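Numbering (this note's numbering), first residue to last: 45 to 374.
Here is the structure:
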């Protein structure tokens with residue numbers, strides 16, 4: 045039995061979440077519904093225009109949210125990332141420690157400069173628009189990779205966003221290499237359709253011959269495969285991933301377990317904030333398949349968990365909510 049169910053690596057970001065109007069999005073010419081990389085000044089300009097008392101701060105980042113979900117459901121997780129010794133770095137580090145997640149942060153020199161921040165703007169239609177300032181996360185490198193923790197894990201989970209940084213991209217490739225040499229299963233999330241479009245060649249290189257498990261949503265699947273319908277996309281994905289999950293929002297999810305396709309029914313809820321839904325799905329799913337659930341069971345658990353996330357504000361669930369989900373699931 046491995047020490048860790050999942051070893052994750054990705055951008056360490058503190059999520060700054062706020063409700064905004066469509067007029068706010070239009071006024072500041074922010075691409076709605078997408079993740080856009082911005083500089084520090086641009087992000088601060090947006091924050092200054094908001095009611096700062098309503099901005100919620102929590103450790104986040106895509107893979108960060110996923111390993112947190114693994115831990116909340118009772119799994120063991122390790123997270124490699126890069127932060128600074130500033131206010132936001134302290135928030136991030138404390139959150140992970142409080143949740144019992146092992147990290148590389150005690151064994152490295154913290155970076156100079158600001159910790160990364162993701163400004164998540166939620167509009168009335170429950171859509172989330174992200175303006176991300178990577179801060180020191182842009183310097184994530186092989187120095188932050190913990191080889192021993194990788195070898196002690198059942199799965200590694202690679203976040204797709206870091207492909208935008210040359211040094212972070214090398215860290216992802218190195219992590220996958222160490223995992224494959226040690227017989228550790230590899231998983232990857234495509235993260236965002238705009239990132240897939242701009243950095244497709246990096247994703248192709250990172251995947252190489254294949255990954256054991258790929259996570260994506262419909263738009264990311266279509267963009268990566270260059271197809272215009274889901275049926276063609278899912279067939280094309282078989283060449284890149286031994287198994288994969290395509291999340292479909294209100295329509296549930298489609299899972300390929302290596303042999304057959306499994307349709308996961310959605311749990312009907314009133315969506316108020318879709319931020320973190322895909323991260324929660326991946327975390328609950330990875331917990332499920334590393335703790336005795338098959339792909340169908342893990343998919344049902346992940347669907348239930350992600351439905352709870354979209355029915356509230358914020359990418360994470362409280363401990364009591366996770367306990368309720370586990371009780372309902374069983």
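Heads up, the beta-carbon is just placed ideally off N, CA and C, and yes, glycines get one too.
Given the structure is predicted, the values throughout are model-derived calculations rather than measurements.
### Query
Residues bridged to residue 50 by DSSP?
By one-based count along the chain shown, residue 50 stands at place 6. Under DSSP, residue 50 shares a beta bridge with 121, 199.
### Message
For residue 74, tell me which candidate among 242, 57, 172 has the shortest Cα-Cα distance.
### Response
On the chain shown, residue 74 is found 30 positions in, with the first residue counted as 1. When each option's Cα is compared against that of residue 74, the closest is 172.
### Cross-strand partners of residue 160 (DSSP beta bridge)
The residue you call residue 160 lines up with position 116 of the chain shown. Paired residues: 57.
#### Entry: Rounded straight-line distance, which links the Cα of residue 253 to that of residue 77
On the chain shown, position 33 is the one that residue 77 refers to. On the chain shown, position 209 is the one that residue 253 refers to. Using only the alpha carbons, I get a separation of about 32 Å.
### Query
Thinking just about the alpha-carbon of each residue, which of 334, 148, 160 is nearest to the one in residue 189?
As a first step, residue 189 is located in the chain shown; it is residue number 145 there, counting from the start. From the listed residues 334, 148, 160, the smallest Cα separation to residue 189 is found for 148.
### Among 113, 206, 160, 255, nearest to residue 350 - alpha-carbon criterion
Within the chain shown, the letter at position 306 stands for residue 350. When each option's Cα is compared against that of residue 350, the closest is 113.
### Query
Would residue 53 pass as a contact of residue 103 if the rule is Cβ separation under 8 Å?
Here residue 53 refers to the residue found at position 9 when the chain shown is read from its first residue. Here residue 103 refers to the residue found at position 59 when the chain shown is read from its first residue. At least 8 Å separates the beta-carbon of residue 53 from that of residue 103.
### Task
Flag this pair as touching only if the region 292 to 312 and the region 338 to 352 have three or more C-beta atom pairs under 8 Å; answer yes or no.
Enough Cβ pairs lie closer than 8 Å, so yes.
### Query
With burial defined as no fewer than 16 other Cβ atoms inside 10 Å of the residue's Cβ, what is the status of residue 129: buried or exposed?
On the chain shown, residue 129 is found 85 positions in, with the first residue counted as 1. When all chains shown are included, residue 129 counts as exposed.
### Task
For residue 210, count neighbouring C-beta atoms within 10 Å of its own C-beta (all shown protein chains included) and say buried if the count is 16 or more, exposed if not.
Sequence index remark: in the chain shown, residue 210 carries index 166 (1-based). In the assembly as shown, residue 210 is an exposed residue. Its beta-carbon has fewer than 16 other beta-carbons within 10 Å.
### Query
Is it buried or exposed for residue 96, if we count other Cβ within 10 angstroms and need 16 for buried?
The sequence position of residue 96 within the chain shown is 52, counting from 1. Counting other Cβ atoms within 10 Å of its Cβ, residue 96 stays below 16 and is therefore classed as exposed.
### Message
Assuming the contact rule is C-beta atoms closer than 8 Å, residue 358 and residue 317 should be a hit. Round their C-beta distance to whole Å, please.
### Response
Position 314 of the chain shown holds residue 358. Position 273 of the chain shown holds residue 317. Their Cβ separation, rounded to whole angstroms, is 7 Å, which keeps residue 358 and residue 317 in contact under 8 Å.
### Query
Are the beta-carbon atoms belonging to residue 314 and residue 355 less than 8 Å from one another?
One-based indexing of the chain shown puts residue 314 at position 270. One-based indexing of the chain shown puts residue 355 at position 311. Taking 8 Å as the cut-off, the beta carbon of residue 314 is found closer than this to the beta carbon of residue 355.
### Message
What does DSSP give as the partner residue(s) for residue 190 in the beta ladder?
### Response
Your numbering for residue 190 matches position 146 in the chain shown. Residue 190 is not bridged to any residue.
### Query
Is the distance from the Cβ of residue 204 to the Cβ of residue 232 below 8 Å?
Counting from 1 along the chain shown, the entry for residue 204 is found at position 160. Counting from 1 along the chain shown, the entry for residue 232 is found at position 188. Contact: yes.
### Query
Measuring CB to CB, does residue 48 end up less than 8 Å from residue 196?
The count along the chain shown starts at 1 and reaches residue 48 at position 4. The count along the chain shown starts at 1 and reaches residue 196 at position 152. Against a cut-off of 8 Å, the Cβ pair of residue 196 and residue 48 comes out as a contact.
### Message
I believe residue 228 touches residue 200 by the beta-carbon criterion, under 8 Å. Please report the beta-carbon distance rounded to the nearest angstrom.
### Response
Taking the first residue of the chain shown as 1, we reach residue 228 at position 184. Taking the first residue of the chain shown as 1, we reach residue 200 at position 156. Rounded to whole angstroms, the Cβ separation of residue 228 and residue 200 is 6 Å, and the two are in contact under 8 Å.
### Query
Are the beta-carbon atoms belonging to residue 101 and residue 135 less than 8 Å from one another?
Here residue 101 refers to the residue found at position 57 when the chain shown is read from its first residue. Here residue 135 refers to the residue found at position 91 when the chain shown is read from its first residue. Annotated as proximal: residue 101 and residue 135, with beta-carbon spacing under 8 Å.
### Query
Does the Cβ of residue 273 have 16 or more other Cβ atoms within 10 Å, making it buried, or fewer, making it exposed?
What you label residue 273 is simply residue 229 of the chain shown in a count that begins at 1. Under a 10 Å Cβ-count criterion, residue 273 is classified as exposed, with fewer than 16 other Cβ atoms of the shown protein chains found around its own Cβ.
### Query
How close, in whole Å, do the beta carbons of residue 191 and residue 222 come, if the pair is a contact with beta carbons under 8 Å?
Along the chain shown, read from residue 1 onward, the residue named residue 191 stands at position 147. Along the chain shown, read from residue 1 onward, the residue named residue 222 stands at position 178. With 8 Å as the limit, residue 191 and residue 222 qualify as a contact, their Cβ atoms being about 5 Å apart.
### Query
Going by DSSP, which residues form a beta bridge with residue 104?
Start at 1 with the first residue of the chain shown, and residue 104 comes out as number 60. Note: residue 104 sits in a beta bridge opposite 57.
### Message
Could you compute how far the alpha carbon of residue 93 sits from the alpha carbon of residue 224?
### Response
Along the chain shown, one-based indexing puts residue 93 at 49. Along the chain shown, one-based indexing puts residue 224 at 180. Going from the Cα of residue 93 to the Cα of residue 224 covers about 47 Å.
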